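The block underneath contains the structure these notes are about, expressed in structure tokens.
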Amino acid sequence: HTQVGAFMASWIIIYGLVQTQAPKFFTQRRDGYSAFVWVCSLALIPLSIALGANTSGTFPVPVLLLGLLAFGVVFAINSSLHSYLIVNYADRSAVSMDVGFYYMANAAGRLFGTLLSGLVFQQYDLAACLIVSSVLLALAALASWFLPKQTALA
């Protein structure tokens, strides 16, 4: 229990630190193209972890831990970018409604993802959960491709 708690605490701290530094990753662009690139890179991580499973279906601890760490870092950057984009794309006369809708949809997506991952894990295994995650992230990348593109930041 102590190791899991320490891992989760470290995860939260690293996630927060990455989010504070995330704007430094977007010095040239903060637009739909940036969202597309970052979600594509995020989609590759769970797929890579799944491919790192042994033939017995188990994961070497370093593969799982380093993969989760990489996922957390890239996810934190994605989250920061999405928070910026929702405010930037929001209708100026209804920012609070647009932001509220975004966070409502975000919560619904997390609930759906939690339920789906539990079902996939029970029916199959962790590798299947990771592959489904990559597929859903690839769909998010496809949706991101259609977000407005902007010129470089001033």
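In this note's numbering, the protein residues as written are 8 to 161. Backbone N, C-alpha and C define an ideal beta-carbon position, used for all residues, glycine too. Treat the numbers as computed from the prediction; the structure is a model and nothing was measured.
Assuming residue i and residue j are in contact, meaning their beta carbons sit under 8 angstroms apart, how far apart are those beta carbons, in whole angstroms?
i      : j      : result
Leu137 : Leu54  : 7 angstroms
Trp45  : Val102 : Rounded, the Cβ-Cβ distance is 23 angstroms, inconsistent with contact.
Ile21  : Gly79  : 6 angstroms
Val139 : Leu123 : 7 angstroms
Whose C-beta lies closer than 7 angstroms to the C-beta of residue i among residues of the same chain, with five residues either side of it excluded?
i      : result
Ser141 : Ala50, Pro53, Leu54
Ala77  : Ile52
Val127 : Ala135, Cys136, Val139
Phe33  : Ser41, Leu88
Leu25  : Reading off the sequence, residue 25 comes out as Val, not Leu. Excluding residues within five positions, the ones whose Cβ falls inside 7 angstroms are Val80, Ala83, Ile84.
Would the beta-carbon of residue i fall within 8 angstroms of that of residue j?
i      : j     : result
Ser151 : Ala29 : no
Return the residue from the list the options that minimises the CA-CA distance to residue i.
i      : options                      : result
Tyr109 : Val94, Leu123, Ser100        : Val94
Leu144 : Gly125, Leu133, Ser48        : Ser48
Val70  : Arg36, Ala134, His8          : Ala134
Ala112 : Ala13, Gln130, Ser90, Pro155 : Ser90
Phe14  : Ala60, Val68, Lys31          : Val68
With a threshold of 16 other CB atoms inside 10 Å of the CB of residue i, please say whether the residue is buried or exposed.
i      : result
Ala147 : buried
Ser87  : buried
Phe66  : buried
Leu7   : Nothing in the structure corresponds to residue 7, since the chain is present only between 8 and 161.
Gly74  : buried
Given residue i, which residues of its chain have a CB within under 8 angstroms of its CB, disregarding the five upstream and five downstream residues?
i      : result
Phe153 : Gly39
Pro155 : Asp38, Gly39, Tyr96
Ala125 : It is worth fixing the name first, because residue 125 is Gly in this sequence and not Ala. Hits under 8 angstroms: none found.
Closer than 6 angstroms by C-beta to residue i: which residues in its own chain qualify, once you throw out the five before and the five after it? Chain order, please.
i     : result
Ala57 : Ala134, Leu137, Ile138
Please indicate yes or no: does the CB of residue i lie closer than 7 angstroms to some heavy atom of the ligand PLP?
i     : result
Leu51 : Only the bare structure without any ligand can be found here, which leaves the ligand PLP out of the picture.
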